[in-house]
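Sequential numbering of the sequence shown, starting at 1, is according to full-length UniProt numbering. Below: the structure, in structure tokens.
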Amino acid sequence: MIRREDRNVLQIDLGNSALKWRMVKDNVVLDRGIQPLAGDAAWHLSGSSLAPSEVLVASVASEENERQLTAEIRQRWSLEPWFARSEPETLGLRNSYADPGRMGTDRWLAMLAAWYPRRERVCVVDAGSALTIDLVAASGQHEGGYILPGADLMQHVLMQRTQRVRFDDVIVPTLAPGLSTAEAVSHGAALAHCGAIQLAVRMASADGACRPHLVVSGGGGSAIVALLEDVAEFRRDLVFEGLALAAIARADNIV
């Protein structure tokens, strides 16, 4: 159970292509924003005029971007940000990696937020620059997962590595066969993602195994949920929720 605290907490999700943030007080979101990143090029944290009392960060970005973010937080608010990392175990969630630190922090926190409240078997999907699919047993043991290119990355690679796949159209994806190159590429990415998710759930449910509860998050998550045959729960802020839980575990020294 997330404790209620009378202070502003700035939560930051520092990704590969964008920085997302939200300001939270007493479990209420006061403000939020998103800004693109340009690799390791100079950028500045923009957003809320509210001053935080604490800064929590989930990062899969480069060390240079982490250093830049830390320096700006120190300069603006005289605060030391706390960076969550993937651990061997957090609040009963157990990492399956031989080297737990090599698991993406965003995956770890998304799993924590999806599994911890109800302690049931879950399939956790995070649709961002990459699409990740992870299975967690009701006991909290990570059963393994999959990483696929995100929809934008799929389209970018096709346009970069082929001579005739070119388009500027912005397409709302469906699972219908495409009637143009733009539709075929966009719908193909959606088909690949939905097919992978549904197959992962079906294989996890084989031989009488408990069917996992499907939880989807990420910038492309709502579009995927609308296309899936399986019933899925969309939770926009799964990484932020996991970040808050990890911070509580750290403060209370709970594994």
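We put the CB at the ideal spot given by N, CA and C, even for glycine.
Short of 6 Å from the beta carbon of S48, and not among the five residues preceding or following it, lie these beta carbons of its own chain, in chain order: M23, D31.
For I133 and V124, the gap between their C-alpha atoms comes out near 6 Å.
In the DSSP assignment, M23 forms a beta bridge with L10, D31. Collapsing the DSSP output to three states places L238 in a helix. The beta-bridge partner set that DSSP reports for V125 consists of I133, V216. Per the Cβ contact rule, the segment 94-104 is in contact with the segment 79-86 (3 or more Cβ pairs under 8 Å). Taken atom to atom, the span from the alpha-carbon of M159 to that of T105 is near 30 Å.
Looking from the CA of L228, the closest CA among W115, R67, Q35, L214 belongs to L214. For P100, the secondary structure class from DSSP, reduced to helix, strand or coil, is helix. In this chain, the beta strand (DSSP E) harbouring L148 covers 142-149. In its chain, beyond the 5 residues on either side, G218, G220, G221, I224 have a beta carbon closer than 6 Å to the beta carbon of A127.
DSSP, read as helix, strand or coil, puts E233 in strand.
Considering only S59, G33, A58, L131, the residue with the shortest C-alpha distance to L50 is G33. In this structure, the alpha-carbon of E120 lies about 13 Å from that of E143.
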